[in-house]
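J.: Residue numbers (the working numbering): 113 to 518. A virtual CB, placed ideally from N, CA and C, is assigned to each residue, including glycine. On a predicted model such as this, the values are computed, not experimentally measured, just so you know.
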Ligand code: AMP
Ligand code: MG
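1) Does DSSP put residue 332 in a helix, in a strand, or in coil?
2) Taking contact to mean at least 3 C-beta pairs separated by less than 8 Å, is the stretch 438 to 447 in contact with the stretch 150 to 163?
3) For residue 347, which beta-bridge partners are listed by DSSP?
4) Can you tell which of 384, 345 and 199 has its C-alpha closest to the C-alpha of residue 375?
5) Shorter than 8 Å, the distance from the beta carbon of residue 446 to the closest heavy atom of the ligand ADP, or not?
6) Would you decide whether residue 476 is buried or exposed? Buried here means 16 or more other CB atoms lie within 10 Å of its CB.
7) If you drop the 5 nearest sequence neighbours on each side, which residues of the same chain put their C-beta closer than 6 Å to that of residue 184?
8) Could you tell me if residue 158 is buried or exposed, where buried requires 16 or more neighbouring beta carbons within 10 angstroms of its beta carbon?
9) Within 10 angstroms of the Cβ of residue 257, are there 16 or more other Cβ atoms? Answer buried if so, exposed if not.
10) Taking C-alpha atoms, which residue in 137, 130, 229 and 144 lies nearest to residue 177?
11) Could you check if residue 131 is buried or exposed, using at least 16 other CB atoms within 10 Å of its CB as the buried criterion?
12) At a cut-off of 8 Å, is residue 334 close to the ligand AMP when judged by its beta-carbon and the heavy atoms of the ligand?
13) Given this structure, state the Cα-to-Cα distance separating residue 273 from residue 266, to the nearest angstrom.
14) Give the C-beta separation of residue 313 and residue 288 to the nearest angstrom, bearing in mind that I take them to be a contact with Cβ-Cβ under 8 Å.
15) In or out: residue 283 buried (at least 16 other Cβ within 10 Å) or exposed?
16) Could you round the C-beta distance between residue 386 and residue 453 to whole angstroms and report it? I think they count as a contact, below 8 Å.
17) Out of curiosity, what's the CA-to-CA distance linking residue 371 and residue 311?
18) Confirm the yes/no value for this check: CB of residue 359, any heavy atom of the ligand MG, distance under 8 Å.
19) Could you spell out where the alpha helix (DSSP H) holding residue 124 opens and where it closes?
20) Any heavy atom of the ligand AMP closer than 8 Å to the Cβ of residue 541?
21) With burial defined as no fewer than 16 other Cβ atoms inside 10 Å of the residue's Cβ, what is the status of residue 161: buried or exposed?
22) Which complete beta strand (DSSP E) runs does the stretch 456 to 514 hold, if anything under 3 residues is left out?
23) For residue 388 and residue 189, I'd like the C-alpha separation in whole angstroms.
24) Is it the case that the CB of residue 309 approaches a heavy atom of the ligand AMP more closely than 8 Å?
25) Where does residue 320 sit, in a helix, a strand or coil, going by DSSP?
26) Grab the span of the beta strand (DSSP E) containing residue 441 for me, first residue to last.
27) Going by beta carbon distance, what residues of the same chain come within less than 6 Å of residue 334, once the five residues before and after it are set aside?
28) Would you call the stretch 430 to 444 and the stretch 459 to 473 in contact, with 3 or more CB pairs under 8 Å?
29) Looking only at C-alpha atoms, which of 143, 492 and 473 sits nearest to residue 133?
30) Between which two residues does the alpha helix (DSSP H) carrying residue 270 extend?
31) Nearest by alpha-carbon distance to residue 219: which of 164, 199, 493 and 174 is it?
32) Please report the residue range of the alpha helix (DSSP H) in which residue 422 lies.
33) Could you check whether residue 402 and residue 354 sit closer than 9 Å to each other, using their CB atoms as the reference points?
34) Taking just the CA atoms, how far does residue 327 sit from residue 286?
35) If you scan the stretch 369 to 423 from start to end, which runs of the beta strand (DSSP E) of 3 or more residues do you find wholly inside it?
36) Between the C-alpha atoms of residue 145 and residue 259, what's the straight-line distance to the nearest angstrom?
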């Protein structure tokens, strides 16, 4: 048996970088930056007020109680016409450029105004409540390095420096197919005895889309060498990667394995992981090929461990893996010590630490229990149990929201 790390290293050393392309800001969310972003100018580009208040000279307000003449009012987007001379103040709004002569802003709460005068109750240090040019971004510096996954805040920052077409990695196109004689399409109203609906393909399509891939849906392929050969040929010609499910386990009819072994460069092996022990990986006509197991939970766990990191690596991403943290077991957890086990758990409390309980049994066909999970409790090789209230390693794959509002 190989370890998960060994298999992932092999996968990551096989996949190649895709090219790059510019993208508009409205489509940039989730894309991986392919070139460094260098700031063309400072942000803020001019000194401005951080508060609604009065722009003053610090020397004039060295002790509390100073009374200054208010010579003008300036809002964001305006430039003061006059300068602030000794004994004077300009009423200023947040974001308005600092007037000539002023070096400090006194917030409105610390003042009282009337009859063209303002009394300053405090004695702020020079520079208080003034936003310095370049305080956020300095001209000429690298704001973001390649490999970053663009989030909303990146998009906002790009907008603020006028970079409306960042260069990002091209998205992988991934062909997906389910294999198995027992499979009927999910929309089948009636099924012959022994048949099941193909749940892996819609799930994989959603996983692939979540990883940014463009999906080529190749449908359901029966366990038939000719049909599989044709589908693989088509997939290899069009896709940057191919993902199949089913047909890789030990007792499986040999059709799929023999076609892939003999006519492509694909190996079948076992990995010390549960679920997801049988795997196939290699290439079909130079296109990376992932032969995932058939059981739906195995599909999801294998996708997380191998396919998603590979798709991100193809885009040059620096972060490839889901965050892991230590939580607390809300109940006893059992594991096969020969394998790294991914137990599906739900977060039931988050204070003082994430506390988790299982959402169902260990069976790799228990997909609805997988759906109710927020995380995997990861019990590494050599670990056979974690006792209630003891620390447990968690891999968070669905932490978008785990708590109800109170
Ligand atoms: P296999 O790896 O082909 O031996 O399949 C293992 C188990 O997963 C069997 O119970 C299959 O019926 C099931 N299975 C295979 N493909 C799918 C699929 N696309 N959707 C749902 N279950 C599947
Ligand atoms: Mg099968």
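T.: The relevant details are as follows:
1) Position 220 of the chain shown holds residue 332. DSSP places residue 332 in strand when its eight states are reduced to three.
2) no
3) Here residue 347 is taken as the residue at index 235 of the chain shown, counted from 1. Answer by DSSP bridge pairing: none, since residue 347 is not bridged.
4) In the chain shown, residue 375 corresponds to position 263, counting from 1. Measuring from the Cα of residue 375, the nearest candidate turns out to be 345.
5) The ligand ADP is not among the ligands present in this structure, which contains only the ligand AMP and the ligand MG.
6) Taking the first residue of the chain shown as 1, we reach residue 476 at position 364. Its Cβ being crowded by 16 or more others within 10 Å, residue 476 is buried.
7) For the purposes of this step, residue 184 is identified with residue 72 of the chain shown, where counting begins at 1. Counting only Cβ-Cβ distances below 6 Å, and skipping sequence neighbours, we find 192, 194 and 202.
8) Locating residue 158 in the chain shown gives position 46, counting from the first residue. Result: exposed.
9) Here the question's residue 257 lines up with position 145 in the chain shown. Residue 257 should be labelled exposed.
10) Within the chain shown, residue 177 is the residue found at index 65, counting from 1. Considering only alpha carbons, the answer is 229.
11) Walking along the chain shown from the start, residue 131 turns up at place 19. Classification of residue 131: exposed, given that the 10 Å Cβ count is below 16.
12) In the chain shown, residue 334 corresponds to position 222, counting from 1. No, the ligand AMP has no heavy atom inside 8 Å of this Cβ.
13) For the purposes of this step, residue 273 is identified with residue 161 of the chain shown, where counting begins at 1. For the purposes of this step, residue 266 is identified with residue 154 of the chain shown, where counting begins at 1. If you take the alpha carbons of residue 273 and residue 266, they lie about 11 Å apart.
14) Within the chain shown, residue 313 is the residue found at index 201, counting from 1. Within the chain shown, residue 288 is the residue found at index 176, counting from 1. Confirmed, Cβ separation roughly 6 Å.
15) By 1-based counting over the chain shown, the position of residue 283 is 171. The residue in question, residue 283, is buried, as its Cβ has 16 or more Cβ neighbours within 10 Å.
16) Residue mapping note: residue 386 aligns to position 274 of the chain shown, counting from 1. Residue mapping note: residue 453 aligns to position 341 of the chain shown, counting from 1. Indeed they touch by this definition, with Cβ atoms about 5 Å apart.
17) As a first step, residue 371 is located in the chain shown; it is residue number 259 there, counting from the start. As a first step, residue 311 is located in the chain shown; it is residue number 199 there, counting from the start. Using only the alpha carbons, I get a separation of about 24 Å.
18) If you number the chain shown from 1, residue 359 lands on position 247. Yes, since a heavy atom of the ligand MG falls inside the 8 Å radius drawn around the Cβ of residue 359.
19) Walking along the chain shown from the start, residue 124 turns up at place 12. That run of the alpha helix (DSSP H) goes 116 to 126.
20) Absent from the model: residue 541. The displayed extent of the chain is 113 to 518, so no value can be given.
21) Position 49 of the chain shown holds residue 161. Buried, since its Cβ has 16 or more Cβ neighbours within 10 Å.
22) 467 to 470, 487 to 491 and 503 to 508
23) On the chain shown, position 276 is the one that residue 388 refers to. On the chain shown, position 77 is the one that residue 189 refers to. About 59 Å.
24) As a working note, residue 309 is residue 197 in the chain shown. Residue 309 Cβ: within cutoff of the ligand AMP.
25) Within the chain shown, residue 320 is the residue found at index 208, counting from 1. The answer is helix: DSSP assigns residue 320 an H, G or I state.
26) For the purposes of this step, residue 441 is taken as residue 329 along the chain shown, with counting starting at 1. 436 to 441 is the extent of the beta strand (DSSP E) around residue 441.
27) Position 222 of the chain shown, counting from 1, holds the residue named residue 334. Excluding sequence neighbours, residue 334 sits near 293.
28) yes
29) In the chain shown, residue 133 corresponds to position 21, counting from 1. Taking only the C-alpha atoms, the option nearest residue 133 is 143.
30) The count along the chain shown starts at 1 and reaches residue 270 at position 158. Its alpha helix (DSSP H) spans residues 264 to 272.
31) Translated into the one-based positions of the chain shown, residue 219 becomes position 107. Cα-wise, what sits closest to residue 219 is 164.
32) As a first step, residue 422 must be located in the chain shown, where it is residue number 310. Residues 420 to 426.
33) Mapped onto the chain shown, residue 354 falls at position 242. Mapped onto the chain shown, residue 402 falls at position 290. Cβ atoms of residue 354 and residue 402: closer than 9 Å.
34) Taking the chain shown and counting its residues from 1, the one referred to as residue 286 is at position 174. Taking the chain shown and counting its residues from 1, the one referred to as residue 327 is at position 215. Their Cα atoms are separated by approximately 5 Å.
35) 377 to 382, 390 to 396 and 399 to 404
36) Numbered from its first residue, the chain shown carries residue 145 at position 33. Numbered from its first residue, the chain shown carries residue 259 at position 147. About 5 Å.
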